[in-house]
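Asker: Quick note, the sequences are listed as chains A and B, same order.
For the first sequence, this note's numbering assigns the number 1 to the initial residue and increments by one for each residue that follows.
For the second sequence, this note's numbering assigns the number 1 to the initial residue and increments by one for each residue that follows.
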Amino acid sequence: MSELAKTPLFDEHVTAGGKIVPFAGFEMPVQYGAGALKEYTAVREGSAGIFDITHMGQVRVSGADALPFLQYVTTNDVSKLASGQVHYSALLNEAGTFIDDITTYKISDNEYYLCINAANRLKDVAHLQEQAAAFDVIISDESDDTTLLALQGAAAQSALQPLVDTDLETIGYYRFAQVKLSGIDAIISRTGYTGEDGFELYFPNAQAVDVWKQLLTNGADPIGLAARDMLRTEMGYALYGHEISDAVTPVEAKLMWITKLDKGDFIGKAAVEARKAAGPKQRLVAIKLTGRGIPREHYKVFADGTLSGEVTSGMFSPMAGGVALAYVKPEHATSGELSVEIRGKAVPAERTTLPFVRSNVRR
Amino acid sequence: MTIPADIKYTKDHEWVRIEGDTATFGISDHAQEALGDIVFVELPEIGRTIDAGEAYAVVESVKAVSDVYAPVAGEVIEVNEMLEGEPEKVNTDAYGSGWIARVKISGEASLELMSDDEYTTFLEE
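1) Could you give the residue range of the alpha helix (DSSP H) that holds B:Met82?
2) Could you tell me whether the Cβ of A:Ala119 comes closer than 7 Å to any Cβ of chain B?
3) Could you name each continuous beta strand (DSSP E) segment of 3 residues or more that falls completely within the stretch 263-298 of chain A, going from the start of the chain to the end?
4) Alpha carbon to alpha carbon, how far is B:Tyr9 from A:Phe98?
5) Taking buried to mean at least 16 other C-beta atoms within 10 Å of its own C-beta, is A:Phe358 buried or exposed?
6) With a cut-off of 8 Å on the beta carbons, I'd call A:Leu181 and A:Phe203 a contact; round off their distance for me.
7) Could you work out which residues of chain A lie near B:Phe40, taking near to mean beta carbons separated by less than 9 Å?
8) List, in chain order, every chain A residue whose beta-carbon is nearer than 7 Å to that of B:Asp37.
9) Could you give the DSSP three-state label for B:Val16: helix, strand or coil?
10) Give the DSSP-derived three-state secondary structure of A:Ile53 in the structure shown.
11) Cutting at 7 Å between CB atoms, please list the residues of its own chain near A:Phe316, excluding the five before and the five after it.
12) Determine contact between the stretch 66-83 of chain A and the stretch 110-121 of chain A, defined as no fewer than three beta-carbon pairs at a distance below 8 Å.
13) With burial defined as no fewer than 16 other Cβ atoms inside 10 Å of the residue's Cβ, what is the status of A:His298: buried or exposed?
14) With respect to the alpha helix (DSSP H) encompassing A:Pro368, which residues constitute its N-terminal and C-terminal limits?
15) Would you tell me roughly how many angstroms separate the C-alpha atoms of A:Thr74 and A:Gly63, rounded to the nearest one?
16) Using the rule of at least 16 other Cβ atoms within 10 Å of the residue's Cβ for burial, across every protein chain shown, is A:Val164 buried or exposed?
17) Within the stretch 156-234 of chain A, note down every full alpha helix (DSSP H) run reaching 4 residues or more, in order along the chain.
18) Are the C-beta atoms of B:Val68 and some chain A residue less than 7 Å apart?
19) For A:Met1, which residues in the same chain have their Cβ closer than 7 Å to its Cβ, ignoring the five residues on either side in sequence?
20) Does DSSP classify B:Val62 as helix, strand or coil?
21) Give me the DSSP bridge partner(s) of A:Tyr88.
22) By the 7 Å beta-carbon criterion, what residues does the stretch 206-236 of chain A contribute toward chain B?
23) Between A:Phe356 and A:Glu234, which are expected to be in contact by the criterion C-beta below 8 Å, what is the C-beta distance as a whole number of angstroms?
24) Could you name each continuous beta strand (DSSP E) segment of 3 residues or more that falls completely within the stretch 317-341 of chain A, going from the start of the chain to the end?
25) For B:Phe122, collect the residues of the same chain with a Cβ closer than 8 Å to its Cβ; drop the 5 residues on either side in sequence, then sort them by chain order.
26) Suppose you measure from the CA of A:Arg228 to the CA of B:Thr22; what does that come to, to the nearest Å?
27) Are the C-beta of B:Thr63 and some C-beta of chain A separated by less than 7 Å?
28) Helix, strand or coil: how does DSSP classify B:Phe122 here?
29) Quick check: the Cα distance between B:Val103 and B:Asp29, rounded to an integer number of angstroms?
30) Between which two residues does the beta strand (DSSP E) holding B:Glu75 run?
31) Within 10 Å of its beta-carbon, does A:Val14 have 16 or more other beta-carbons around it, so buried, or fewer, so exposed?
32) Determine the chain A residues that contact B:Val58 at a beta-carbon separation under 8 Å, and present them in chain order.
33) Would you mind reading off the limits of the alpha helix (DSSP H) that contains A:Asp11?
34) Could you check which residue in B:Asp6, B:Ile100, B:Glu108, B:Ala31 has the C-alpha nearest to that of B:Glu19?
35) Does the distance from the C-beta atom of B:Gly135 to that of B:Gly26 stay below 7 Å?
36) So if DSSP puts A:Val31 in a beta bridge, which residue, or which two residues, is it bridged to?
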């Protein structure tokens, strides 16, 4: 295995009591001294949590063909984006299955910024460069130079505002601004992966420690990967390698809302249309255990006593109990008595709606 | 981290307090600290016969599921039902209210048990 990378904030994580684990090729904090539950609670109950997610990748797409290129390689309708707007989207292969899920930022008609998953970065960049050959675009992988922090929770805005030259109140949900953050150029979007109000901050590595320390001074609590996963799972947000992968299409993953079949041709469109017409092979459902236990990834899901599928993400939610996202046979998305097998025993479960707990994002 | 002197420890970081023919089981402070926040404990059934070294309970932290092994053999006579509602007691009071089960000792079967000093040395190695 190749050597693990460190973000510019590695020493800060250690100083803050971070328990470091390998994650997507990086040495990242899974939790800090207070523990994952306290970190989770801080974000859900009014604090501001700061997450180092610098492991994620950033790709700038610029050139005269930036729009037609992104219309062709991503699933969402990029023509609907205004400058300063972000949307959730995906890269599919010709089979209609996921290469990655991404966010697309429109900077101007000829310039866009993509945020991609760390584990998929090299694959994504290679794919984008290969596809770019037929378009007048330049693909720049800026991942190694860019620090990405998420600041999430009800107090996020008040913790961040003193560092920024722009009134954050003017940045709406899934909107962004190019601002001065502590005097340096940054992209700040009102986005996140927690279900709380908050921001994601993209800026050069050289300022990482300075910005991190200022945010801690302004009351933010450092949050590790374990609490981040709790927060995202409670919202039912998909995670690559769990709910989405190169084995499923947007039809199965309930992501047709970011897959715009009416926008013109794009990679994977024909396969998605075919899958939609034929019907999905499995369907993603949100379930809640009615018996005791914690559903975990890969636990088997049964419907009326027969094997139907498996859990893709599961957790103990302090607010909702044992909850999970799971793939089941299409007919069991709506009918049949569900159960999750935990250590050989069938624990009854019921279907529920997402999010598992109330979202507080500012729409 | 604390290591009380009146109980014995196993290499798997369980503890056992033997009083006459009964033994009380739990996991050590070191174990709870390594696991992190405990959010679920699966207790054994009363009356179950367990061998020394057998997995008799499960503790789950936010991210991990871990078996808990019996330091000595016996029949389960009592379980700490409080852990069903307050699993965090394993974190906050590992040797007290965070106990997991009590058995009536049967036979001589036992894992290798260490004194507090031996366990301290074991943890340092």
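Where a beta carbon is used, it is the ideal one built from N, C-alpha and C, also for glycine.
Answerer: On the basis of the data shown:
1) 82-85
2) no
3) 283-289
4) 49 Å
5) The amino acid occupying residue 358 of chain A in the given sequence is Arg; Phe does not appear at that position. It is exposed - the Cβ of A:Arg358 has fewer than 16 other Cβ atoms within 10 Å.
6) 5 Å
7) Arg292, Gly293, Ile294, Phe316, Gly322
8) Gly35, Ala36, Leu37
9) strand
10) coil
11) Ile294, Gly322
12) yes
13) exposed
14) Because residue 368 of chain A is not part of the residues shown, which for chain A are 1 to 363, the question remains open.
15) 17 Å
16) buried
17) 156-160, 208-217
18) no
19) Confidence is the limiting factor: at A:Met1 the pLDDT is only 49, short of 50, which leaves the residue's position unreliable, though a coordinate-based value still follows. No residues qualify anywhere along the chain.
20) coil
21) A:Thr103
22) Ala226, Met230
23) 5 Å
24) 321-328
25) Tyr9, Lys11, Met114
26) 43 Å
27) The question names Thr, but residue 63 of chain B in the sequence shown is Lys. True, the Cβ-Cβ gap to chain A drops below 7 Å.
28) helix
29) 21 Å
30) 72-79
31) exposed
32) Arg343
33) 10-15
34) B:Asp6
35) No statement about residue 135 of chain B is possible, as the shown extent of chain B runs from 1 to 125 and does not include it.
36) Here residue 31 of chain A is Gln; the residue named in the question, Val, does not match the sequence. DSSP lists A:Lys19 as partners of A:Gln31.
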